[in-house]
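These notes are about the structure you will find just below.
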Amino acid sequence: MELDRIEILLEKYFEGETSIAEENELKAYFSSADVAQHLEHYKAMFGYFSSAKEQKFEQQIPLKSKKLQVAWLSVAASVVILLGMFTFYNRNISQSEDLGTYNDPEKAFEETQKALNLLSKNVNVGVESMQYVNEYQQSKNLIFKN
Amino acid sequence: MNQSEFVKIITPFKDKVFRLAKRLLVSTEEAEDATQEVLVKLWDKKNGLDKYNSVEAFAMTITKNYCLDQLKSKRAGNLQIVHNNYTDGQAGMQKQLEDRDSLGWVEKIIDGLPEQQRMIVQFRDVEQYEFEEIAKMMDMNETAVRVALSRARKTIREFMTKTHNYGIG
């Protein structure tokens with residue numbers, strides 16, 4: 026390829042007036058081994074254009090509709106929340122049911138008696154106060170009987 | 045349209061979408077995210093694709109708009125930092141140019157161009173679209189595309205000549 030032609034093409038190239046075919050001619054010239062020395066600095070430029078075309082997109086294309094994914098995500102999230110609430114609730118219940126227990130029957134008996142004593146004492150408090158009412162009733166009967 | 049038909053349609057240009065996204069966003073990860081986003085958008089519109097003469101041109105336009113939106117929102121988010129980066133980049137560029145390999149320089153120079161010129165260089169010099177197609181995708185007229193392209197190519201030439209002379213001297 027004669028140098029004159031390349032220089033004319035370069036001129037046109039920088040004015041944005043070359044066709045694709047002419048640009049390919051330039052690319053071919055600058056990728057060849059015998060580039061004129063005063064044009065050497067264009068080599069990298071045309072070399073870059075060819076190499077830039079080699080880059081590929083290698084990732085998977087996510088064709089599954091995104092909306093569906095979001096839907097599933099929200100289902101999964103609500104299941105997790107429900108499970109969380111359920112176990113939390115259960116644990117609270119089992120804690121409140123656990124009132125303490127005794128492995129030794131004797132001790133259990135003692136404790137039960139203690140508890141029942143406490144109960145009866147408190148019941149008696151109520152009954153004692155009833156005694157006054159009873160007394161009142163008796164005196165009323167005495168007075169109004171005759 | 046089923047999945048395999050769709051894949052058949054997008055396979056010829058999905059790399060071009062990725063390369064355009066990378067040209068604009070620079071970071072590979074962001075470009076990959078953008079490409080996925082664009083392809084998902086196309087998939088969602090799969091039933092209306094017949095309307096378009098060229099699905100490829102449509103895809104490139106979506107990519108362009110998506111990436112420009114990304115850049116805009118990033119810039120609005122941290123204007124100060126971007127500005128600092130910009131001045132830093134200019135100052136450090138000459139130094140970086142010295143120790144990078146020559147193809148790396150060209151990439152740096154192109155990525156330093158204004159977005160519009162960057163896209164046009166990508167479309168023309170890398171992907172080799174015709175001016176008519178570029179004009180459609182960029183929503184410009186052909187003359188304006190040629191002018192912008194010429195400006196971009198001259199800027200690249202200027203940098204290449206400078207670094208070349210520097211290398212000799």
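Taken in order, these protein sequences are the chains called F and V.
Residue 108 in my numbering sits at position 83 of the first sequence, and the numbers go up by one each step.
Residue 83 in my numbering sits at position 39 of the second sequence, and the numbers go up by one each step.
In this text, a Cβ means the ideal position worked out from N, Cα and C, and glycines have one as well.
Considering only residues of the same chain and omitting the five flanking positions on each side of residue i, which have a CB-CB separation below 7 angstroms?
i: Ile154(V); result: Arg162, Val165 and Ile200
i: Ala192(V); result: Gln160, Gln161 and Ile164
i: Ile125(V); result: With a pLDDT of 41 at Ile125(V), under the threshold of 50, the predicted position of this residue should be treated as unreliable, and no value is reported.
i: Asp59(V); result: none
i: Ala75(V); result: Phe62, Ala65, Lys66 and Leu69
Sorted by chain position, which residues of the same chain lie with C-beta nearer than 6 angstroms to residue i's C-beta, five sequence neighbours on each side aside?
i: Leu68(V); result: Cys111
i: Leu64(V); result: Thr107 and Gln166
Leaving out five residues on either side along the sequence, give the residues of the same chain with a beta carbon under 8 angstroms from the beta carbon of residue i.
i: Phe74(F); result: Lys52
i: Gly72(F); result: Phe55 and Ser56
i: Met104(V); result: Phe57, Lys60, Val61, Leu64, Phe167 and Met181
Can you find a CB in chain V that lies within less than 8 angstroms of the CB of residue i?
i: Gln80(F); result: yes
i: Gln84(F); result: yes
i: Ser76(F); result: yes
i: Ala69(F); result: yes
i: Glu42(F); result: yes
i: Ile45(F); result: yes
i: Tyr114(F); result: no
i: Tyr54(F); result: no
For a cutoff of 8 angstroms on Cβ pairs, would you count residue i as touching chain F?
i: Asp113(V); result: no
i: Lys52(V); result: no
i: Thr107(V); result: no
i: Ser71(V); result: no
Output the boundary residues of the alpha helix (DSSP H) element that contains residue i.
i: Lys165(F); result: Pro130 to Lys170
i: Val165(V); result: Glu159 to Val165
i: Leu86(V); result: Thr72 to Asp88
i: Phe82(F); result: From DSSP, Phe82(F) is part of no alpha helix (DSSP H); its letter is neither H nor E.
i: Tyr173(V); result: Segment: none, Tyr173(V) is in no alpha helix (DSSP H) and carries neither H nor E.
i: Val155(V); result: Correcting the residue identity first, residue 155(V) is Asp in this sequence and not Val. Looking at the DSSP string, the run of the alpha helix (DSSP H) that includes Asp155(V) is Ser146 to Asp155.
i: Phe57(V); result: Segment: none, Phe57(V) is in no alpha helix (DSSP H) and carries neither H nor E.
i: Glu47(F); result: Ile45 to Ser56
i: Leu35(F); result: Leu28 to Phe39
With three or more beta-carbon pairs closer than 8 angstroms as the criterion, would you say the stretch 74 to 88 of chain V touches the stretch 50 to 63 of chain V?
Contact holds: three or more Cβ-Cβ distances are below 8 angstroms.
Is the number of C-beta pairs between the stretch 35 to 54 of chain F and the stretch 183 to 197 of chain V that are closer than 8 angstroms three or more?
Taking a cut-off of 8 angstroms on C-beta distances, the stretch 35 to 54 of chain F touches the stretch 183 to 197 of chain V, as three or more cross pairs fall below it.
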